[in-house]
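So for the sequence shown, UniProt numbering puts the first residue at 1; every next one is plus one.
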Amino acid sequence: MKGLFDFTEVATYFFRKKDANRKTNFNLRAMHSINKISILMFLAAMIYFAIKHW
Numbered sequence: 001m002k003g004l005f006d007f008t009e010v011a012t013y014f015f016r017k018k019d020a021n022r023k024t025n026f027n028l029r030a031m032h033s034i035n036k037i038s039i040l041m042f043l044a045a046m047i048y049f050a051i052k053h054w
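This is the structure we're talking about:
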């Protein structure tokens with residue numbers, strides 16, 4: 001049950017450093033940007049629903 005509420009991977013996804021040895025291209029940067037936006041929208045919706053139903 002503890003593993004279900006472990007959000008460390010989500011938190012570190014936003015604050016990790018870029019690897020200098022890895023090449024990046026536009027598609028990879030766009031994918032990560034969309035992922036970050038979708039995670040933020042999901043968390044905002046969960047907060048909204050939690051506040052609305054309390």
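Where is the CB? At the ideal position from N, CA and C, for every residue including glycine.
query, result
"Chain B within 8 Å of K23, Cβ atoms only", "Among the protein chains of the structure shown there is no chain B, as only one such chain exists."
"R29, DSSP secondary structure in three states", "helix"
"CB-CB length for I39 against V10, believed under 8 Å", "6 Å"
"Expected contact under 8 Å - CB spacing of K36 and F14 to nearest Å", "7 Å"
"Euclidean distance between Cα positions of D6 and N25", "31 Å"
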